[in-house]
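**Q** Under the UniProt record's numbering, the residues of the sequence shown are numbered 1 to 422, in order.
In this text, a Cβ means the ideal position worked out from N, Cα and C, and glycines have one as well.
Since this is a predicted model, take the numbers as computed values, not measurements.
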Amino acid sequence: VSKDHSLRSSGWAMTSVIIVGNSVGTGVLSLSRALAQLGWGPGLVCLGLAGPFFWLAGYYVMQTHLYIDGKGESARTYGDFAGVLAGPVARKYGYGLVYTLAFMVTGGYMLTLANSIQQIFYDVHLCLPVASLAAFALVLPGTQLRTLHLIAPHAMVSFVALLVVIAICLYFLLSDGASCDYEPPRSLNFWGAFNSVGSFVWSYSGVSYYPEMLAEMKRPQDFARKSLGFAIVAMTGLYALVSITTYATCGDGTPPSIVLVIPKGPWLRIASIFMAYHIIVAYLINSQVLIRGIVTACGWDKALEPGFQGRARWFAISTVFTALAYLIADVIPQFDNLNDLTGNVCCTQGCLILPPLFFFLVQRVAPWPDSACKTALTILGWPMIVSGIFLFFAGTTGSIMTIWQDAHSDDSRRPFACQALS
């Protein structure tokens, strides 16, 4: 008999590992460049505010999950939250948002993995579309894992792999051997600033997946205090260490990916292999959320059944979405711009707007007794919503303008451009 690992199988530590494994890789890769684009003042403000803001977002999500789950309703995704609290139209919007985010994120990870493959074979003229095909082949077998619980052990190992990459990068940064001869950021303007802020939002993009993680926890009430608390501290610490060190060393020559501070040679190859493994696991976490959600939302429950037929259906669906991720990676072959667009379009809603909004809706139907905690949560929720709405419009506009300008001013940034390293 096949065991259903989706039913409360994860402890708080394993959930914390999944949070870190899902978000920290591309955050570490891209934040140094975002800090270089914004400069020390605005960049450090964004870095300092992001951790507390997104812990609070996770707390709102946890409280909403506990309320809906306590009613005996499904509380596995934002679509479930919105359906219970605001009706069927809101349910469809919630599903659409989460799965659009997951789809965009898988495209970003596919691009990152393709870049890592190019760095492994840096001395070969390997074009990005070909490297993306190799990335497609690498991730497809792992997409057959149908629950987050089954991916969690790999997430733990992948985090260790990421630490190895960071250690190698820091060695070169601190020994004056780093490669820092990259094109400086453009002059900062209004739209460019909010495009870069999207990188900080994107670095904590896992907030939208917290309902999935809560649904698999043995004790979901431990989520904010233990799982998320540890993860936020670990993520913010790594982000600060890497981005500040890289920008302080490279200045305007900060590369779009921290791995590129490693000069071409055996260490770049080794670091890229470890990074590729980490990115594969991060891709699988997002892919699992996307595919399982689509299967559930469309009523294709037979794809979740044990046995050959269930796995064959899952394989067909996962192959289609992996192929679509390949297309995203090559249509927008600009790692920093793709991350910024995803952060501004989807993460502003899923990470800043919806968590406090869900909490406010819960308070309408099942209000807490008046207390200092409730007052603080109410006061802090409104700035999150307002900033999320503003970043959604300003950041999305900035991202689209930046992608358009880059694609029309630099042939190497056009869709399906080669971008070979040699």
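If you draw a straight line from the alpha carbon of Gly-48 to that of Phe-54, how long is it in whole angstroms?
**A** Taking the straight line joining both Cα atoms gives about 11 Å.
**Q** Under 8 Å by Cβ, that's how I've got Gly-107 and Tyr-95 pegged, so tell me the actual separation to the nearest angstrom.
**A** That belief does not hold up - the Cβ atoms of Gly-107 and Tyr-95 are roughly 19 Å apart, past 8 Å.
**Q** Would a C-beta distance cut-off of 8 Å place Val-281 and Ala-135 closer than the cut-off?
**A** Against a cut-off of 8 Å, the Cβ pair of Ala-135 and Val-281 comes out as no contact.
**Q** To which residues does DSSP link Met-275 through a beta bridge?
**A** Partner(s): none; Met-275 has no beta bridge.
**Q** Would you mind working out which of Gly-388, Gln-63, Trp-314 sits nearest Ala-224, comparing C-alpha positions?
**A** Closest option to Ala-224, Cα to Cα, is Gln-63.
**Q** Are Tyr-204 and Cys-373 closer than 8 Å when you measure CB to CB?
**A** In this structure, Cys-373 does not lie closer than 8 Å to Tyr-204 by Cβ.
**Q** Relative to the ligand ATP, is the shortest distance from any of its heavy atoms to the C-beta of Lys-218 smaller than 7 Å?
**A** Looking at this structure, you won't find the ligand ATP or any other ligand, since it has none at all.
**Q** Is the Cβ-Cβ distance between Val-289 and Ala-82 less than 8 Å?
**A** No, the pair does not count as a contact, with Cβ atoms beyond the cut-off.
**Q** Would you say the region 205-212 touches the region 295-310, given that touching needs at least three Cβ pairs under 8 Å?
**A** No, the region 205-212 is not in contact with the region 295-310.
**Q** Going by DSSP, which residues form a beta bridge with Met-217?
**A** DSSP, once it has assigned bridges, lists Ser-10 as partnering Met-217.
**Q** Excluding the five sequence neighbours on either side, which residues of its own chain have a C-beta within less than 6 Å of the C-beta of Ser-16, listed in chain order?
**A** So the qualifying residues of the chain are Ser-227, Phe-230, Ala-231.
**Q** Just to confirm my understanding: we take Val-84, look at its own chain, exclude 5 residues before and 5 after, and list those with CB closer than 6 Å. What are they?
**A** Cβ neighbours of Val-84 beyond the five flanking positions: Ile-68, Glu-73.
**Q** Is it right to say Trp-12 is buried, meaning 16 or more other beta carbons lie within 10 angstroms of its own, or is it exposed?
**A** Buried, by the Cβ-count rule.
**Q** Take the Cβ of Trp-314 as the centre, count every other Cβ of all protein chains shown within 10 Å, and call the residue buried at 16 or more, exposed below.
**A** With 16 or more Cβ atoms within 10 Å of its Cβ, Trp-314 is classed as buried.
**Q** Does the region 235-243 touch the region 109-121, meaning 3 or more C-beta pairs lie closer than 8 Å?
**A** The answer is no - the region 235-243 does not touch the region 109-121, with fewer than three Cβ pairs under 8 Å.
**Q** Are Phe-194 and Gly-395 touching if we call contact CB-CB under 8 Å?
**A** Yes, the Cβ-Cβ distance between Phe-194 and Gly-395 is below 8 Å.
**Q** Quick one: grab the DSSP three-state call for Ser-422.
**A** Coil at Ser-422, not helix or strand.
**Q** Taking C-beta to C-beta, are Val-124 and Ser-387 nearer than 8 Å?
**A** Their beta carbons are not under 8 Å apart, which means Val-124 does not touch Ser-387 by this criterion.
**Q** Take the Cβ of Trp-404 as the centre, count every other Cβ of all protein chains shown within 10 Å, and call the residue buried at 16 or more, exposed below.
**A** Answer is exposed; the Cβ neighbour count stays below 16.
**Q** Please work out which residues of its chain come closer than 6 Å, Cβ to Cβ, to Ala-234, disregarding the five sequence neighbours upstream and downstream, and give them in chain order.
**A** So the list reads Val-20, once near-sequence residues are dropped.
**Q** Would you report the Cα separation of Tyr-182 and Met-384, rounded to the nearest angstrom?
**A** Looking at the two C-alpha atoms, the distance is approximately 35 Å.
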